[in-house]
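Student: I'd like to ask some things about the structure below.
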Amino acid sequence: MAVALILVLVVLGSILFHILSPWWWTPIASNWGYIDDTLIITFWITGAVFSAVILFMAYCVYRFRHKEGAKAAYQPESKRLEWWLTIVTAVGVAAMLAPGLYVWSQFVTVPDDATEVEVVGQQWQWNYRLPGEDGKLGKSDNRLVTFENPLGIDPEDPAGQDDIVIEAGDLHLPIDKPVKMLLRSIDVLHDFYVPEFRAKMDMVPGMVTYFWFTPTRTGTFEVLCAELCGTGHGYMRGIVAVETEEDYLAWLEGQSTFAELSAPQKLGAAEEAEP
Amino acid sequence: MVDATPRAERDIPPAEVPELELYHPKSWWTTYVFSQDAKVIAIQYSGTAVAIGLVALVLSWLMRLQLGFPGTFDFITPEAYYQFITMHGMIMVIYLLTALFLGGFGNYLIPLMVGARDMVFPYVNMLSFWIYLLAVLVLAASFFAPGGPTGAGWTLYPPQAILGGTPGGQDWGIILMLVSLILFIIGFTMGGLNYAVTVIQGRTRGMTLMRMPLTVWGIFTATVMALLAFPALFVACVMMLFDRVLGTSFFMPALVEMGEQLSYGGGSPILFQHLFWFFGHPEVYIVALPAFGIVSDLISTHARKNIFGYRMMVWAIVIIGALSFIVWAHHMYVSGMHPWFGFFFATTTLIIAVPTAIKVYNWVLTLWRGDIHLTVPMLFALAFIVTFVNGGLTGLFLGNVVVDVPLSDTMFVVAHFHMVMGVAPIMVIFGAIYHWYPKITGRMLEDWMGQFHFWVTFVGSYAIFFPMHYVGLVGVPRRYPEIGEAAFMTAPVDNLNAFISVAALIVGFAQMVFLFNLVWSLRFGKEAGPNPWRATSLEWQTPTTPPPHGNWGDERPVVYRWAYDYSVPGAPEDFIPQNDPWPEKVAARPA
Amino acid sequence: MSVILVFLAVVIGFSFWWLFHQKVMEKPWLEHGVHTALPETDVSGMPTAKVALAVFLAVVGSLFALFASAYFMRMDYSDWQAPPLPRILWVNTAILILASVALSCAVRAAREQRRKMTRLALVTAGLATVVFLAGQVTAWRDLAAGGHYLDMNPANGFFYLMTGVHGLHILGGLVALGRTTVKAWDDNVAAEQLRLGVELCAAYWHFLLLVWLGVFVLLAGWAGDLLALCRQILT
Ligand code: HEM
Ligand SMILES: [Cu+2]
Ligand SMILES: [Cu+2]
């Protein structure tokens with residue numbers, strides 16, 4: 001009796017907690033509303049299954065609990081029932097998988113007009129690089145990383161000279177423009193994660209990974225690292241600001257290019273070389 | 001190869017050992033310490049696993065203290081926190097659950113349930129335990145090594161695992177961890193060969209595969225999977241050890257650490273992840289399948305009803321075992337591997353949900369029109385269903401590639417895997433201990449302590465891990481020693497975290513009642529008799545309780561039926577033991 | 001991960017085949033009684049040690065299949081530079097084949113209960129195997145002398161690692177072979193028992209020979225070439 005009651009309470013409590021508690025995902029700020037929709041579908045289906053199974057169990061416990069002289073039924077199996085349950089389950093699973101795969105195919109297909117933005121992770125800060133006027137990012141390699149060239153941009157590559165380098169600063173993005181985030185790391189695994197954008201992807205040294213999204217809401221959002229990267233992992237935070245086109249361009253004005261950043265040092269090096 | 005053995009001789013089950021005096025050990029040492037009796041080895045395995053598991057439990061308290069009340073405990077630095085989660089996770093998964101289910105329950109139950117006198121290679125079986133003990137000691141030693149244990153997370157992902165930015169990465173921590181894992185795998189392989197081959201070769205007369213209790217099916221399938229999957233962890237560990245100690249670059253790309261170019265180059269961290277999860281996913285089922293098997297027997301026995309759809313249950317176990325080798329990359333959806341793999345692995349992962357769901361249906365259908373005795377083992381079995389269904393369903397979120405993207409690496413994942421492979425199997429372990437303790441010791445565990453233990457553990461664990469999903473939904477990443485208040489939160493999570501921590505401490509202390517019960521009942525428990533639950537399977541039919549070395553006295557039992565003849569119409573009692581020839585009369589045995 | 005998947009497909013296929021011969025489709029609750037209670041098929045007539053060896057070899061096979069998988073996956077990165085193949089490996093291969101052949105002879109002899117011949121064959125196999133191991137060490141030294149150290153390139157790393165792990169398995173086998181050889185000299189040991197021991201050793205050696213051939217093909221770079229060819233054909 002008490003057992004059945006508590007099982008019912010577990011189901012009710014879970015549902016009530018789900019509905020009433022203030023803890024929920026943060027309002028979305030990107031085009032990935034479909035992901036939220038798939039999540040909702042999944043919640044409905046799984047919630048129904050959970051309630052059905054546990055309530056059924058509670059009923060059994062209540063109805064068939066041991067009574068003096070009672071005897072259990074004898075039924076080794078029921079082909080029909082098992083087949084039906086299999087089919088219903090398969091349909092339910094397909095109902096979650098189909099939208100999931102559909103949205104995933106969008107997630108992995110980057111639109112042609114997406115601008116590239118590079119994120120470079122390092123223990124324990126975020127760096128960014130934007131293509132300059134030529135719209136192209138120059139080559140890079142972890143072997144080229146030095147104190148003066150923290151992102152390892154290839155100085156020989158002309159495409160890299162006008163790249164805008166933001167070391168440990170904030171990233172700004174124009175609203176409603178699709179961006180392809182190119183993700184790189186110069187030391188260990190990191191993961192670029194902004195809860196409002198829904199998307200995330202690991203950054204792997206030696207590789208360039210990516211995801212794409214379109215920011216749909218202005219504001220400043222927190223970047224968190226979502227892949228264990230050592231002691232500072234929990235404190236590896238950053239800021240992404242989504243702005244209107246004008247604000248964005250104004251911000252862009254104030255940034256320096258790779259050439260500008262490396263020029264004074266080259267000068268310094270030349271001076272030093274003089275006796 | 002032609003077998004020259006004459007036919008008549010072959011009818012004698014091969015595992016029957018003619019010299020019974022083998023089972024009369026000579027000294028105290030060979031009886032209790034260097035014992036080759038699977039039952040003693042089982043106790044040794046279990047004792048060691050529980051001992052190191054307690055360490056993991058204490059670590060979880062410390063972690064929860066930090067998460068619930070950040071900043072209150074000065075000694076829990078981020079370094080310490082990462083060391084705690086790593087050791088906690090690794091101990092729980094490998095050294096506690098795997099060792100307990102296979103080394104503990106496998107050793108105790110397989111020979112008894114299939115009617116064997118012992119494992120087929122008792123000496124190798126003994127070695128297996130001692131190597132396991134060594135592995136545990138090496139692991140424990142890392143707590144005292146300079147630099148402390150590794151803090152790389154239980155996944156040990158390179159490059160971070162072997163670099164200075166991670167606790168233990170450039171000290172002894174990671175080396176000891178890898179060595180301990182390698183030892184564990186070697187030890188396990190020795191034991192695993194025994195478990196598998198005993199099931200294949202050691203069954204007594206009449207014990208066909210389809211007459212075996214599901215417990216044996218679960219442990220057997222899990223063992224075979226473990227034998228095939230652990231080599232992947234072995235390869236990963238050896239290669240990482242080479243990278244760390246000998247400077248190879250299997251997994252290490254060119255990288256700059258703290259402004260300094262390291263001499264590594266060209267390697268692939270993703271390669272490690274593939275190897276790790278090729279082991280890691282089957283590992284989930286290595287823990288789950290024995291639990292599936294055991295819980296089926298608990299439900300059937302205490303509901304006095306045959307397990308519903310036995311054949312389907314067997315097939316499901318085997319199919320889940322096979323399928324679980326082609327889903328590993330669902331742990332790597334956001335790892336940077338080629339995105340097209342997502343389609344394949346999401347599909348295989350969700351397909352596995354179908355046989356798993358069938359198992360759940362059959363458990364609850366077994367309750368239908370049963371005669372349910374709400375004993376403590378049964379309560380734990382019910383709790384298993386609740387937590388397993390809950391955790392299994394959240395698995396559908398994480399397996400469905402695009403839904404995983406926002407959730408992966410958040411506390412949602414932590415909540416999910418604790419529910420499904422932490423709480424659920426542990427419920428089964430508790431149920432199993434309450435169930436078989438009378439056979440092992442001859443006495444019942446004290447019931448009121450059991451009830452108390454059950455309610456606190458079940459309600460408490462649910463209170464810990466159900467709300468934790470919502471911490472993840474809010475967006476809090478896992479492996480963060482503190483999150484504070486952040487703009488993205490729809491509501492601050494610190495109260496919720498504090499609540500979870502308090503629940504964790506309460507659940508933790510309830511386990512002390514359980515441990516006390518184990519010891520107390522040894523002396524003061526009710527006498528159990530040979531078959532207190534009136535169960536059918538062979539282990540309850542031993543001539544002596546607790547069963548001695550050799551299990552069966554002079555003659556091994558002969559099996560006449562499957563393991564689930566409960567409430568058979570027309571039978572004199574509501575259960576018929578497997579070695580009972582009813583309705584035929586017992587033929588007079590030749591003296 | 002293709003190699004391990006193919007390997008596993010074979011193992012799992014075999015397991016399913018075996019299961020289907022174990023009445024897994026039957027309804028066990030219908031079979032009461034003595035007649036069906038004592039079916040002949042409940043346990044195979046194979047000696048337990050052979051079954052155990054088969055299971056163990058599946059584990060070893062899985063181990064090496066995983067090494068091979070890792071090898072192929074790592075090979076695709078640009079820094080891969082295979083070391084020259086030490087010539088002596090050809091000789092070693094021949095010697096290992098010799099050991100396997102000798103063990104086959106030993107099995108024949110043991111079945112025909114010719115003790116002397118069995119002893120001779122066992123000792124030959126043992127010696128050949130020791131020479132093989134010495135040869136492998138020489139191969140390492142040749143490589144090192146040529147400046148191809150372990151940590152210079154992942155290909156070198158795999159070379160030392162895979163030959164090393166293979167060598168360790170051979171070394172373990174030598175212990176078993178040694179014990180069997182001792183048995184062959186002990187007249188108290190029954191012919192049956194000796195035969196079983198010899199057969200087990202032979203199976204183990206044949207399997208490790210097979211593994212070695214696989215490793216050899218891999219290290220010689222032919223496997224990579226083959227793979228490249230396949231890819232070219234496919235695209
Ligand atoms: C009352 C019991 C338990 C509590 C309170 C608990 C608590 C925790 C906490 C707080 C974390 C760290 C979360 C984070 O910051 O990422 C964690 C991680 C983990 N736990 Fe538990 N845990 C418990 C039992 C178990 C059990 C039974 C298992 C066995 C499967 C387990 C396996 C793990 C694993 C694998 C990790 C991940 C470690 C990592 O991130 O590297 N835990 N647990
Ligand atoms: Cu991080
Ligand atoms: Cu998995």
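Protein chains in written order, with UniProt numbering: chain A, 1 to 275; chain B, 1 to 591; chain C, 1 to 235. Note that CB positions come from ideal geometry on N, CA and C, so glycine has one too. For clarity, every value in this text was computed on a predicted model and none was experimentally measured.
(1) Classify residue 124/A as buried or exposed, calling it buried when 16 or more other Cβ atoms lie within 10 Å of its own Cβ.
(2) By the three-class DSSP mapping on this structure, what secondary structure does residue 577/B have?
(3) Under 8 Å: do the segment 283-296 of chain B and the segment 318-331 of chain B share three or more Cβ pairs, one atom per stretch?
(4) Residue 89/B: beta carbon under 6 Å from a heavy atom of ligand 1?
(5) Have a look at residue 225/C and residue 231/A and give me their C-alpha separation to the nearest angstrom.
(6) Taking beta-carbon pairs under 9 Å, can you tell me which members of the segment 66-78 of chain C lie near chain B?
(7) Can you pull the chain C residues whose beta carbon is under 7 Å from the beta carbon of residue 249/B, in chain order?
(8) Among the residues of its own chain, which have a CB less than 8 Å from the CB of residue 138/A, if the five just before and after it don't count?
(9) Since residue 191/A and residue 201/A should fall inside the 8 Å C-beta cutoff, what is the C-beta to C-beta distance between them, to a whole number of angstroms?
(10) Which class does residue 16/C belong to by DSSP, given the choice of helix, strand or coil?
(11) With 16 other CB atoms within 10 Å as the buried threshold, where does residue 35/C fall?
(12) What I want to know is whether the C-beta of residue 92/B ends up closer than 6 Å to one or more non-hydrogen atoms of ligand 1.
(13) Do three or more CB pairs link the segment 392-411 of chain B to the segment 463-483 of chain B at distances below 8 Å?
(14) Just curious, the alpha helix (DSSP H) that residue 113/B is in, first and last residue?
(15) Quick one: is the Cβ of residue 383/B within less than 6 Å of any heavy atom of ligand 5?
(16) Have a look at residue 156/B and residue 176/B and give me their C-alpha separation to the nearest angstrom.
(17) Using a C-beta cutoff of 7 Å, does residue 187/A count as contacting chain B?
(18) Between the segment 323-348 of chain B and chain A, which residues of the former have a C-beta closer than 8 Å to a C-beta of the latter?
(19) Going by the C-beta, is residue 154/B closer than 6 Å to any heavy atom of ligand 1?
(20) With H, G and I counted as helix, E and B as strand and the rest as coil, what does DSSP make of residue 213/A?
(21) Which residues, in order along the segment 159-192 of chain C, keep a beta-carbon less than 7 Å from a beta-carbon of chain B?
(22) Mapping DSSP to helix, strand and coil, what is residue 284/C?
(23) So that I know if they touch, is there some Cβ in chain A lying closer than 7 Å to that of residue 357/B?
(24) At which residues does the alpha helix (DSSP H) containing residue 34/A begin and terminate?
(25) How is the beta strand (DSSP E) around residue 182/A delimited, first residue to last?
(26) Compute every distance between the C-beta of residue 190/A and the non-hydrogen atoms of ligand 3, then say whether any falls below 6 Å.
(27) With a cut-off of 8 Å, do at least 3 Cβ pairs link the segment 418-435 of chain B to the segment 454-468 of chain B?
(28) Look at residue 235/A and residue 171/A and say whether their C-beta atoms are less than 7 Å apart.
(29) Starting from the C-beta of residue 1/A, find all residues in its chain whose C-beta is less than 8 Å away, skip the five residues before and the five after it, and write them out in chain order.
(30) Within 10 angstroms of the Cβ of residue 38/B, are there 16 or more other Cβ atoms? Answer buried if so, exposed if not.
(31) For residue 10/C, is the beta carbon positioned less than 6 Å from some heavy atom of ligand 3?
(32) So, under 8 Å CB-CB, residue 514/B and residue 290/B are touching, yes? Tell me the CB distance rounded to an integer number of Å.
(33) Mind the definition here: the segment 535-546 of chain B touches the segment 174-189 of chain B only if three or more C-beta pairs lie below 8 Å; say whether that holds.
(34) For the segment 94-122 of chain A, which segments carrying the beta strand (DSSP E) assignment without a break, of at least 3 residues, lie completely within its bounds, in sequence order?
(35) Compile a chain-ordered list of the residues in the segment 542-562 of chain B whose CB is closer than 9 Å to at least one CB of chain C.
(36) Can you look up residue 483/B in the DSSP assignment and give me helix, strand or coil?
Tutor: This is what the structure holds:
(1) It counts as buried.
(2) In the structure shown, residue 577/B falls within a coil segment according to DSSP collapsed to helix, strand and coil.
(3) Output reads yes: the segment 318-331 of chain B touches the segment 283-296 of chain B.
(4) Within the cutoff, so yes.
(5) Rounded to whole angstroms, the separation of the alpha carbons of residue 231/A and residue 225/C is 43 Å.
(6) Flagged, chain order: 66, 67, 69, 70, 73, 74, 76, 77 and 78.
(7) Residue 249/B reaches chain C at 154, counting residues in chain order whose Cβ is nearer than 7 Å.
(8) Excluding residues within five positions, the ones whose Cβ falls inside 8 Å are 153, 154, 157, 158, 159, 160, 161, 163 and 258.
(9) Sure, about 7 Å apart at Cβ, within 8 Å.
(10) It is helical.
(11) In this predicted model, residue 35/C has a pLDDT of only 46, less than 50, meaning its place in the structure is not dependable; the value taken from the coordinates is given anyway. It counts as exposed.
(12) Within the cutoff, so yes.
(13) Contact between the segment 392-411 of chain B and the segment 463-483 of chain B is present, because at least three Cβ pairs lie under 8 Å.
(14) 107-114 is the span of the alpha helix (DSSP H), which, as asked, contains residue 113/B.
(15) What this structure holds is ligand 1, ligand 2 and ligand 3, not ligand 5.
(16) Between the alpha carbons of residue 156/B and residue 176/B lies a distance of about 13 Å.
(17) Chain B contact via Cβ: present.
(18) Residues 334, 335, 336, 339, 340, 342, 343, 346 and 347.
(19) Yes, since a heavy atom of ligand 1 falls inside the 6 Å radius drawn around the Cβ of residue 154/B.
(20) The answer is strand: DSSP assigns residue 213/A an E or B state.
(21) Flagged, chain order: 161.
(22) Residue numbering for chain C in the displayed model covers 1 to 235; residue 284/C lies beyond these limits and cannot be assessed.
(23) In terms of beta-carbon proximity, residue 357/B lines the interface with chain A, with at least one pair separated by less than 7 Å.
(24) In the DSSP assignment, residue 34/A falls within the unbroken alpha helix (DSSP H) covering 33-63.
(25) Taken as a continuous stretch (DSSP letters only), the beta strand (DSSP E) holding residue 182/A covers 179-185.
(26) No, the Cβ of residue 190/A stays beyond 6 Å of every heavy atom of ligand 3.
(27) In this structure the segment 418-435 of chain B lies against the segment 454-468 of chain B, because at least three pairs of beta carbons, one per stretch, are closer than 8 Å.
(28) Taking the C-beta atoms as reference points, residue 171/A is found no nearer than 7 Å to residue 235/A.
(29) Contacts found: 62 and 65.
(30) With 16 or more Cβ atoms within 10 Å of its Cβ, residue 38/B is classed as buried.
(31) Residue side-chain check: residue 10/C keeps its Cβ at 6 Å or more from all non-hydrogen atoms of ligand 3.
(32) Contact check for residue 514/B and residue 290/B: beta-carbon distance about 20 Å, past the 8 Å limit, so the pair fails to qualify.
(33) Short answer: they don't touch.
(34) For the beta strand (DSSP E) assignment, the uninterrupted runs of no fewer than 3 residues enclosed by the segment 94-122 of chain A are, from N- to C-terminal side, 115-122.
(35) Residues passing the 9 Å Cβ filter: 558, 559, 560, 561 and 562.
(36) Note: residue 483/B maps to coil in three-state DSSP.
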